[in-house]
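Residue numbers (the working numbering): 1358 to 1719.
All C-beta atoms in this analysis are idealised placements derived from N, C-alpha and C, irrespective of residue type, glycine included.
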Amino acid sequence: MRKILSTIAFCLLSVWANSQTTEVKGVIYNAETNTPVEFANIGIEGTYLGAASDFEGKFMLELSENLSDNTIRISAVGFKPKTVKVGEWLSATDLKVLLAPTNYGISEVDIKAKSKIAYGIIRTASNLVAENYPQNSFAIEYDYSANEGLYDKNKSIRKVAVHDEFAYTNRSFTESYKSRSYQFDEVKDNDSHPILKEGVNWMEYLLLGDVVRVTGNVLSLKTIDDFDINIKEESVYNNDSVWVITYDCLKPTIANTACTDVEKYNGTIIISKENYAILKNTVSVTKGKSVMFGNTFMASADASKKEVSFTMESSYKKIGELYFLDEVNYAQGEKVVSLKSVKQVQYNPSIKSHQFYSGSKY
1358 MRKILSTIAF
1368 CLLSVWANSQ
1378 TTEVKGVIYN
1388 AETNTPVEFA
1398 NIGIEGTYLG
1408 AASDFEGKFM
1418 LELSENLSDN
1428 TIRISAVGFK
1438 PKTVKVGEWL
1448 SATDLKVLLA
1458 PTNYGISEVD
1468 IKAKSKIAYG
1478 IIRTASNLVA
1488 ENYPQNSFAI
1498 EYDYSANEGL
1508 YDKNKSIRKV
1518 AVHDEFAYTN
1528 RSFTESYKSR
1538 SYQFDEVKDN
1548 DSHPILKEGV
1558 NWMEYLLLGD
1568 VVRVTGNVLS
1578 LKTIDDFDIN
1588 IKEESVYNND
1598 SVWVITYDCL
1608 KPTIANTACT
1618 DVEKYNGTII
1628 ISKENYAILK
1638 NTVSVTKGKS
1648 VMFGNTFMAS
1658 ADASKKEVSF
1668 TMESSYKKIG
1678 ELYFLDEVNY
1688 AQGEKVVSLK
1698 SVKQVQYNPS
1708 IKSHQFYSGS
1718 KY
C-alpha cells in the first residue's frame, strides 16, 4: 500500500512539475479609496496553493495550466470576497485587483455618517465599472421613439444599432463619441426631417444619458466633491437589494453636468449592494438659456434668457455577467425621446459613422 501511495504521489508531483507554470504578480486595492489592502488572502480553491498580500497590497502567486478551470478566491477582513478563474490570470501581468467594502449598514448611523457612506458607495461603483460593464467591442439594437414634432407629429418608432468599439474602457467625452457609432435600420424619407437639430441633437444626447459610459455626472470622481450626496434608503429594485442615493450639484458646470448654462442639477441613482453596479439614474436639469442645437451647445452672449427644464432617466440590465444600457428616456414638457434595447447584435467594425439621415445628400 505504501508503495502504491508513493507511486501516486510521485505521479502527481511529476504532472505538476512538467506542467507549465506562470508567476503572477499584482496588487490588491480598496475599490473605494484605491489604497492597498494588506494581508488579503489569495487562494486556489480545492488546493493548498495560495498567497497573501503584504503591507503594500502586493502578492505573487504561481499558477499552473492544469488548474485553469479552478477558482481563485481573494478575501480580506472588511471586504467582499472576489472569485476569478485561474485561466483568466495565466497570461496577466501587473494585476490590479479591486475589493469592494462589505455592505454598509445605514439603519444605525446618523445623517452625517450616511452622507459619508454615500460618497464611498459612489466611489466604489465608479471604480468597479471595469468589472461590471463590457470592456470589449459590442453592439446593441434599440427601438428609437420620438414625438412632438421631432420627426413626426405622432409618435414614431424605428430601429437603431449602436456599435461601441472600446466599450467602457475609456469614459471620456471624446473617446465615447469617437468609439460609438450607430445606424438607423428603419428611417423615413429625408423630407420628414424639417430642421438640423432634429436630425443631430437627440440621438447624441440620448447616448449622453449613459452616465456610466461618459464623464460629466455624479460618477465622475474628479468632480464628486461638487455634489451633495446622501443615502435616501436601502430598498429592492428588480429583485436586487440596492442603495437609493440622492445627489445635488452645488456648483453646476458643463464639466460636472455635461450641459451648458446649468442652474439646477439633481437626481437619484440606484446601485446594487451585491456588486456596486449602477442600475438606474434619474436626473432633473434646469438651464438658464435654451439653444436650438441642444443642451450641450453654448449659448451666444446675446441669446435671450429662456429657462428650460428636462429630465433624463437611464437604466441598465444584465446580459450574462455584465451590464448594458437598457433604456434612456428624455422628457422636456410634452417632448419625449427614448431608446429601449431590443437585443445584442454582432459588432460591425466597418460602421464608423453617426448616421443622422438616410440620404447621402445630407
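DSSP on residue i, reduced to helix/strand/coil?
i            : result
residue 1340 : With the chain covering 1358 to 1719 only, the question about residue 1340 has no answer from this structure.
residue 1564 : helix
residue 1410 : coil
residue 1604 : strand
residue 1579 : helix
residue 1699 : strand
residue 1531 : helix
residue 1431 : strand
residue 1571 : coil
residue 1663 : coil
residue 1639 : strand
residue 1709 : coil
residue 1525 : helix
residue 1440 : strand
Between residue i and the rest of its own chain, which residues show a CB-CB distance below 8 Å, the 5 nearest in sequence each way excluded?
i            : result
residue 1459 : 1435, 1436, 1437
residue 1409 : 1396, 1397, 1398, 1399, 1416
residue 1413 : 1384, 1393, 1395
residue 1541 : 1501, 1515, 1516, 1517, 1712, 1715
residue 1593 : 1599
residue 1676 : 1701
Ordered along the chain, which non-local residues of its own chain (more than five positions away) have a Cβ less than 7 Å from that of residue i?
i            : result
residue 1605 : 1584, 1585, 1623
residue 1608 : 1583
residue 1580 : 1612, 1613
Excluding the 5 residues preceding and the 5 following residue i in the sequence, name in chain order all residues of the same chain whose CB lies nearer than 6 Å to its CB.
i            : result
residue 1475 : 1586, 1587, 1588, 1602
residue 1377 : 1422
residue 1574 : 1568
residue 1552 : With a pLDDT of only 44 at residue 1552, under the threshold of 50, the placement of this residue in the model should not be trusted; the figure read from the coordinates follows. Cβ neighbours of residue 1552 beyond the five flanking positions: none.
residue 1440 : 1428, 1430
To the nearest whole angstrom, what separates the beta carbons of residue i and residue j, a pair I think is in contact under 8 Å?
i            : j            : result
residue 1691 : residue 1672 : Going by Cβ atoms, the distance from residue 1691 to residue 1672 rounds to 22 Å, so no, they are not a contact pair.
residue 1626 : residue 1638 : 5 Å
residue 1668 : residue 1641 : 5 Å
residue 1720 : residue 1687 : With the chain running from 1358 to 1719 in the structure shown, residue 1720 is simply not present.
residue 1431 : residue 1456 : 7 Å
residue 1520 : residue 1496 : 4 Å
residue 1679 : residue 1491 : 5 Å
residue 1489 : residue 1634 : 4 Å
Residue i lies in the beta strand (DSSP E); which residues open and close that run?
i            : result
residue 1628 : 1619-1629
residue 1387 : 1378-1387
residue 1454 : 1452-1456
residue 1449 : Careful: residue 1449 lies outside any beta strand (DSSP E) and carries neither H nor E.
residue 1398 : 1398-1401
residue 1686 : 1679-1689
residue 1634 : From DSSP, residue 1634 is part of no beta strand (DSSP E); its letter is neither H nor E.
residue 1496 : 1495-1503
residue 1415 : 1415-1421
In whole angstroms, what is the alpha-carbon distance linking residue i and residue j?
i            : j            : result
residue 1402 : residue 1564 : 42 Å
residue 1719 : residue 1524 : Because residue 1719 carries a pLDDT of 39, less than 50, the predicted location of this residue cannot be relied on, and the following value inherits that uncertainty. Distance between the alpha carbons of residue 1719 and residue 1524: 28 Å.
residue 1534 : residue 1471 : 36 Å
residue 1442 : residue 1486 : 19 Å
residue 1629 : residue 1404 : 32 Å
residue 1479 : residue 1447 : 32 Å
residue 1382 : residue 1424 : 17 Å
residue 1695 : residue 1498 : 13 Å
residue 1386 : residue 1689 : 42 Å
residue 1451 : residue 1418 : 12 Å
residue 1706 : residue 1503 : 28 Å
residue 1681 : residue 1493 : 12 Å
residue 1674 : residue 1571 : 18 Å
For the alpha helix (DSSP H) holding residue i, just list the boundary residues, first then last.
i            : result
residue 1538 : Element bounds for residue 1538: not the alpha helix (DSSP H) but the beta strand (DSSP E), 1537-1541.
residue 1489 : 1486-1489
residue 1333 : This structure cannot speak to residue 1333, because the chain is shown only from 1358 to 1719.
residue 1612 : 1611-1614
Within 8 Å: the Cβ of residue i and any heavy atom of the ligand SAM?
i            : result
residue 1486 : Absence of the ligand SAM is noted for the structure shown, with no ligands found whatsoever.
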